[in-house]
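With our numbering applied, the sequence shown corresponds to residues 2 to 378, in that order. We put the beta carbon where it would ideally sit given N, CA and C, even for glycine.
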Amino acid sequence: MVSERPSCYGWCHKDVIRLAKVNSSCPLRAAAIAYAIGGAELMNQMYGNDEQAEEVVEHLNRVEAFKSETDPDKAVIEIGAYLHTINTTNRTLLQNRKVWKALISQMDLVELLARLPTIRKRGFLRCPVLYSWDPHFVPHLCDRLESLGAVLQSKIRPSRSCIEHQRWKNKSERFCKQLSRPKPVNEDILKALKQQLEKALKKNVRTTTKNITVIVDCHDLSSSYCSYKRFVQADMAAAVTALYFANASKNTKVVIFKGTNHQYLQRGTTLDELVNNIGTDTTACPSTRAIGFYLNPTQSEILDNDLFIVIGAKIDHENYTKKVDDLRKENSRAPKFAFCNLGGIPADRSFEYDKDVLLTSGFDDKICDIISSFSKL
């Protein structure tokens, strides 16, 4: 972080003042602070001859020298050996494919997903000679996107991977006015993003010991899009949220409602299987009544729950108010309720505050973390 922001560049004024007042007894840390405040010149002046700070001084001087490097071949070697970031790479090199391949190899997945539009805009996915996908760049990018090691290292949220996958899928289905056909999207990248999502669902989930019941109302999910992230299909968002909590606890039950019928999700169900299951719903109205019957406080399996999560395209939580009150009276656990309205909540609605009821509108990359944190309050 310090190497990317020398001489006050990128720091808030208040942060610079705080750094300037720090008197560290550790030479390594003091050298880094000197670099952050005054750049390499101040650092070398104060700690250039300090043997205890030699490691940090040498590294930051190397970073400073790399920032002025304009030879692509030398830059590729430096990036591979010292893991330089895109923020310490000379801007003139960011038009070079080889440099980008080197940067991608060690780039955090969260940053890589944010850089995908830039990579596409600069034409790196296309072969410069033939009108086709680049046979070297695209596989290299896909390997990084679906790498299990990168998924674990970056701790990327499944919901973040879902959003990027849906963004690219949406682009492949959206028609371009000039071409009168869908915009070309590489299918290998789409598959790599799907693989990343599935691995994140298995590995990057915050585990809990809470007893959780996830209720999915399938009505209109397959034909709706999420509020806020309007390119994300509601059935995919519902499936990702349900599987996240199914993997978060061994005590999680996922119940799929279609009209008056319901079924329990089997352990080991894949993302595609769940999305396809949701898509078979043909009911004409929501399952509010059936879900209300299911939330009967006389059922022992209902009384053992700490958290109920109700997911749907259009969820009116007021229809469940009586059930919420009844369950609290009968259940010593005093369960919490989270209502996930993927289609959004109208802006003119007013709600009574309840510390044990969470309402979410739409879908974003933090929704699962928010519900997890809410369950622990």
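Bridge partners - residue i, DSSP secondary structure assignment
i, result
"Ser362", "Asn342"
"Asn262", "Lys259"
"Leu308", "Ile213, Lys337"
"Gly40", "Its beta-bridge partners do not exist; DSSP assigns none."
"Tyr295", "Tyr295 pairs with nothing; no bridge assigned."
"Tyr226", "Gln234"
"Thr253", "Ile213"
"Trp134", "Arg127"
"Gly313", "Asn342"
Rounded C-alpha distance that separates residue i from residue j
i, j, result
"Trp134", "Pro159", "27 Å"
"Val358", "Tyr321", "11 Å"
"Arg127", "Ala82", "28 Å"
"Asn45", "Val58", "7 Å"
"Ala35", "Asn88", "19 Å"
"Gly124", "Ala193", "19 Å"
"Ser225", "Asp349", "21 Å"
"Asp51", "Gly39", "17 Å"
"Arg231", "Tyr245", "21 Å"
"Ser250", "Thr209", "5 Å"
"Trp101", "His318", "48 Å"
"Lys68", "Lys356", "51 Å"
"Arg30", "Gln53", "10 Å"
"Lys254", "Asn24", "54 Å"
"Asp370", "Leu61", "36 Å"
"Asn342", "His263", "19 Å"
"Phe176", "Arg116", "Only weak support is given to the placement of Phe176: the predicted model assigns it a pLDDT of 46, under 50, and the value that follows is read from those uncertain coordinates. Answer to the nearest angstrom: the Cα atoms are 23 Å apart."
"Lys99", "Pro140", "14 Å"
"Lys195", "Leu378", "33 Å"
"Leu266", "Val256", "6 Å"
"Thr324", "Thr283", "The residue asked about is misnamed: residue 324 is Lys in this sequence, not Thr. Taking the straight line joining both Cα atoms gives about 26 Å."
Beta-carbon spacing of residue i, residue j below 7 Å
i, j, result
"Ile310", "Ala335", "no"
"Ala314", "Asp189", "no"
"Ser228", "Gly363", "yes"
"Ala291", "Thr261", "yes"
"Asn97", "Glu70", "no"
"Tyr48", "Ala32", "yes"
"Ala155", "Leu198", "The amino acid at residue 155 is misidentified as Ala; the sequence shows Ser. For Ser155 and Leu198, no; Cβs fall outside 7 Å."
"Ala76", "Leu94", "yes"
"Asp236", "Gly280", "yes"
"Val217", "Ile312", "yes"
"Leu296", "Lys337", "no"
"Val276", "Ala240", "yes"
"Val111", "Ile164", "no"
Residue i - DSSP class collapsed to helix/strand/coil
i, result
"Arg127", "strand"
"Gln300", "coil"
"Asp218", "strand"
"Gly81", "helix"
"Gly150", "helix"
"Gly280", "helix"
"Ala239", "helix"
"Glu70", "coil"
"Arg268", "coil"
"Val325", "helix"
"Ala348", "coil"
"Ala33", "helix"
"Phe176", "Caution applies to Phe176, whose pLDDT of 46 falls short of 50 and renders its modelled position unreliable; the value that the coordinates give is listed next. Reduced to three states, the DSSP call for Phe176 is strand."
CB contact check: residue i to chain D, cutoff 7 Å
i, result
"Lys323", "The displayed structure is made up of one protein chain only, and chain D is not part of it."
Item to check | Inter-stretch contact at 8 Å, needing at least 3 Cβ pairs: the segment 268-277 / the segment 297-304 | outcome: no
Item to check | Cβ contact check for the segment 213-224 and the segment 142-150: 3 or more pairs under 8 Å | outcome: no
Next on the checklist: So, does the segment 104-111 touch the segment 73-91, judging by three or more C-beta pairs under 8 Å?
Outcome noted: yes
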